[in-house]
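Chains as they are written, first to last, in our numbering: chain F, 230 to 360; chain U, 23 to 130. Just so you know, even glycine gets a beta-carbon here, dropped at the ideal spot from N, CA and C. Predicted, not measured: the structure shown is a model, and the values here were computed from it.
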């Protein structure tokens, strides 16, 4: 976690754009939350899902952050996606749902709740990223 | 309806079909050992993320995700036991490292 799934129409977003969005999402998420970069997952799905817009951001994060942080995060992510892909606001919507951190194990460690991250966890995240 | 199910998502070309069958059997065996569920009642599905469509840390991803759903929920001790066994089994069978695996077990 976090896990950001970008639902896009088939063939609509080139690899270079996908890579740029993934990097931007990682920068934004880590800048907003302080999470290690290696924990940020971004996936593009050319699925024929039934969302209200052709492009949709379906994000999943650890629960426990303030409403303000969550809203700013979603706004920043959606802004970056629009800027990189050129998709209009009318064609793009999104949400971030949350679940308890303790339901997930990543890198062999149960995820800590936001605000309860330890030095060991940060160190492991940096090691996983090769940094 | 099954009480426990798993959806496994991996990067395209990372794990072949015979290995997937072994991983599925491993998930079912662990679920039986930890939660007492019959292996026949534990559906396991696999899906691939096409090359160039999955990223981690802003770079192409090599990570597999194993998502478990448990109807009715379990205690955290049981959940951690389940997730840890899955991690160990997955690494042994697939040969991946612990950093290339995310396991979740959510209550539904």
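I'd like to know whether the C-beta of residue i is nearer than 7 Å to at least one C-beta of chain U.
i: residue 239(F); result: no
i: residue 255(F); result: yes
i: residue 267(F); result: yes
i: residue 272(F); result: yes
i: residue 351(F); result: no
i: residue 251(F); result: yes
i: residue 314(F); result: no
i: residue 360(F); result: Low confidence applies here, because residue 360(F) scores a pLDDT of 41, under 50, leaving its location unreliable and the question unanswered by this model.
i: residue 323(F); result: no
i: residue 327(F); result: no
i: residue 280(F); result: no
i: residue 335(F); result: yes
i: residue 284(F); result: no
i: residue 244(F); result: yes
Between residue i and chain F, is the shortest Cβ-Cβ distance under 7 Å, so that the two count as touching?
i: residue 8(U); result: Outside the displayed range of chain U (23 to 130) lies residue 8(U), so it cannot be described from this structure.
i: residue 128(U); result: yes
i: residue 109(U); result: yes
i: residue 125(U); result: yes
i: residue 28(U); result: no
i: residue 23(U); result: no
i: residue 32(U); result: no
i: residue 15(U); result: Residue 15(U) cannot be examined here, being either before or after the span of chain U that is shown, 23 to 130.
i: residue 54(U); result: no
i: residue 78(U); result: yes
i: residue 66(U); result: no
i: residue 90(U); result: no
i: residue 98(U); result: yes
So is residue i buried or exposed if we call it buried at 16+ other beta carbons inside 10 Å?
i: residue 324(F); result: exposed
i: residue 33(U); result: buried
i: residue 267(F); result: buried
i: residue 384(F); result: What is shown of chain F runs 230 to 360, which leaves residue 384(F) out entirely.
i: residue 130(U); result: exposed
i: residue 98(U); result: exposed
i: residue 265(F); result: buried
i: residue 95(U); result: exposed
i: residue 41(U); result: exposed
i: residue 314(F); result: buried
i: residue 317(F); result: exposed
Using DSSP with H/G/I as helix, E/B as strand and the rest coil, what is residue i?
i: residue 70(U); result: strand
i: residue 33(U); result: strand
i: residue 327(F); result: strand
i: residue 360(F); result: At residue 360(F) the pLDDT is 41, less than 50, meaning the model places this residue with poor confidence; the figure from the coordinates comes in the next sentence. In the structure shown, residue 360(F) sits in coil (DSSP, three-state: anything other than H, G, I, E or B).
i: residue 303(F); result: helix
i: residue 292(F); result: coil
i: residue 235(F); result: strand
i: residue 107(U); result: helix
i: residue 23(U); result: coil
i: residue 53(U); result: helix
i: residue 163(U); result: Residue 163(U) lies beyond the stretch modelled for chain U, which goes from 23 to 130, so this question has no answer here.
i: residue 41(U); result: helix
i: residue 88(U); result: strand
i: residue 93(U); result: coil
Am I right that residue i and residue j are in contact with their C-beta atoms under 8 Å? What's the rounded C-beta distance?
i: residue 90(U); j: residue 126(U); result: 6 Å
i: residue 68(U); j: residue 30(U); result: 5 Å
i: residue 310(F); j: residue 272(F); result: Rounded, the Cβ-Cβ distance is 13 Å, inconsistent with contact.
i: residue 277(F); j: residue 234(F); result: Actually they are not in contact, since the Cβ atoms of residue 277(F) and residue 234(F) sit about 14 Å apart, beyond 8 Å.
Practice problem: Please determine if the segment 278 to 294 of chain F and the segment 338 to 349 of chain F are in contact, where contact requires at least 3 C-beta pairs separated by less than 8 Å. | Solution: yes
Practice problem: Spell out a yes or no on whether the segment 302 to 319 of chain F and the segment 50 to 64 of chain U are touching, meaning 3 or more CB-CB pairs, one atom from each, closer than 8 Å. | Solution: no
Quiz item: Would you call the segment 320 to 339 of chain F and the segment 108 to 126 of chain U in contact, with 3 or more CB pairs under 8 Å?
Solution: yes
Quiz item: Do the segment 94 to 108 of chain U and the segment 74 to 83 of chain U meet, that is, are 3 or more Cβ pairs less than 8 Å apart?
Solution: no
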